[in-house]
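Undergrad: Next up is a structure, given as structure tokens.
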Amino acid sequence: EKVLEQQYRSALFAVVGPIQDEAKRSLSYVTGFLHKDVELNEYLFPTRLGERGFDDISLEFNDGSSGLKEILALCVRLAVAKHLTGRDSQCLVLDDPFVHVSSDRSNKMIELINDAIKEYRLQAILFTHRPMEFAGFSGKMIDIQSVKGKKKEDKKKGKIS
């Protein structure tokens, strides 16, 4: 039983370890190195955050602010996508990822996403009700509201049935 548990932990670390390390790097950068450590469970769910200069102090993930939770969730998703690009191309689908995040931290996350898009050839689909978030993204932007409005106009003119 001990041997099986040890093998399980070893295999788990082989998968979770690189993703956790990448998430740590991204989280440190976005938070201005305030949070230097993150612990993920076997489901890649964040369980604990460590703070800079406080090695013995950690924050349970559920005790973090909404913005910090969103940042960390995005860091983990980005790390997983990077990790999987060795096998297949990946697509990030982000639904209002910065709704509770400060503009400074949003800009840093946009930077990381843009870098991943270029370096790992990721595709990203971002939905937001705040179009200013698109300003920093590289790539093509489609405003669904304007497309929807154009279809209504075309339908009224008899161009679409």
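The opening position of the sequence shown corresponds to residue 4 in this note's numbering, with each subsequent residue numbered one higher. Don't be surprised by glycine CBs; every beta carbon is placed ideally from N, CA and C. This one's a predicted model, so the numbers in the text were calculated from it and none came from an experiment.
Does the structure place the region 92–105 close enough to the region 61–81 that three or more beta carbon pairs sit under 8 Å?
TA: Touching, yes, given that three or more Cβ pairs across the two stretches are closer than 8 Å.
Undergrad: Helix, strand or coil: which one does DSSP assign to residue 137?
TA: Start at 1 with the first residue of the sequence shown, and residue 137 comes out as number 134. Of the three classes helix, strand and coil, the one that applies to residue 137 here is helix, per DSSP.
Undergrad: For residue 146, name the three-state secondary structure that DSSP assigns.
TA: Reading the sequence shown from its first residue, position 143 is the one you call residue 146. Residue 146: coil per DSSP, three-state reduction.
Undergrad: Provide the residue span of the alpha helix (DSSP H) that contains residue 86, from first to last.
TA: Against the sequence shown, residue 86 aligns to sequence position 83. Residues 69–87.
Undergrad: Where does residue 105 land, buried or exposed, given buried means 16+ other C-beta within 10 angstroms?
TA: In the sequence shown, counting from the first residue as 1, residue 105 sits at position 102. Label assigned to residue 105: exposed.
Undergrad: May I have the straight-line CA-CA distance separating residue 120 from residue 128, to the nearest angstrom?
TA: As a working note, residue 120 is residue 117 in the sequence shown. As a working note, residue 128 is residue 125 in the sequence shown. The alpha-carbon atoms of residue 120 and residue 128 are separated by roughly 11 Å.
Undergrad: Less than 7 Å between the C-beta atoms of residue 125 and residue 93, yes or no?
TA: As a working note, residue 125 is residue 122 in the sequence shown. As a working note, residue 93 is residue 90 in the sequence shown. Their beta carbons are under 7 Å apart, which means residue 125 touches residue 93 by this criterion.
Undergrad: Measuring alpha carbon to alpha carbon, tell me which of 150, 149, 113 ends up nearest residue 142.
TA: The sequence position of residue 142 within the sequence shown is 139, counting from 1. Comparing Cα positions, the closest option is 113.
Undergrad: Taking the C-alpha atoms as reference points, what is the distance between residue 137 and residue 116?
TA: Within the sequence shown, residue 137 is the residue found at index 134, counting from 1. Within the sequence shown, residue 116 is the residue found at index 113, counting from 1. So the alpha carbons of these two residues sit roughly 12 Å apart.
Undergrad: My understanding is that residue 50 touches residue 43, with C-beta atoms under 8 Å, so please give their C-beta distance in whole angstroms.
TA: Here the question's residue 50 lines up with position 47 in the sequence shown. Here the question's residue 43 lines up with position 40 in the sequence shown. 7 Å between Cβ atoms; contact.
Undergrad: Beta carbon of residue 19, beta carbon of residue 30: below 7 Å?
TA: As a working note, residue 19 is residue 16 in the sequence shown. As a working note, residue 30 is residue 27 in the sequence shown. Cβ distance not < 7 Å, so residue 19 and residue 30 don't count as in contact.
Undergrad: Count the other CB atoms within 10 Å of the CB of residue 5; is the residue buried (16 or more) or exposed (fewer)?
TA: Taking the first residue of the sequence shown as 1, we reach residue 5 at position 2. So residue 5 ends up on the exposed side.
Undergrad: Any heavy atom of the ligand FAD closer than 6 Å to the Cβ of residue 52?
TA: The ligand FAD is absent from the structure shown, which contains no ligands of any kind.
Undergrad: Out of 14, 9, 26, state which residue places its alpha-carbon closest to the alpha-carbon of residue 82.
TA: Taking the first residue of the sequence shown as 1, we reach residue 82 at position 79. For residue 82, the nearest C-alpha among the options comes from 26.
Undergrad: With H, G and I counted as helix, E and B as strand and the rest as coil, what does DSSP make of residue 40?
TA: To locate residue 40, count along the sequence shown from 1; it is residue 37. Three-state result, residue 40: strand.
Undergrad: By the DSSP assignment, the beta strand (DSSP E) with residue 98 in it spans what residues?
TA: Position 95 of the sequence shown holds residue 98. Start and end: 94–98.
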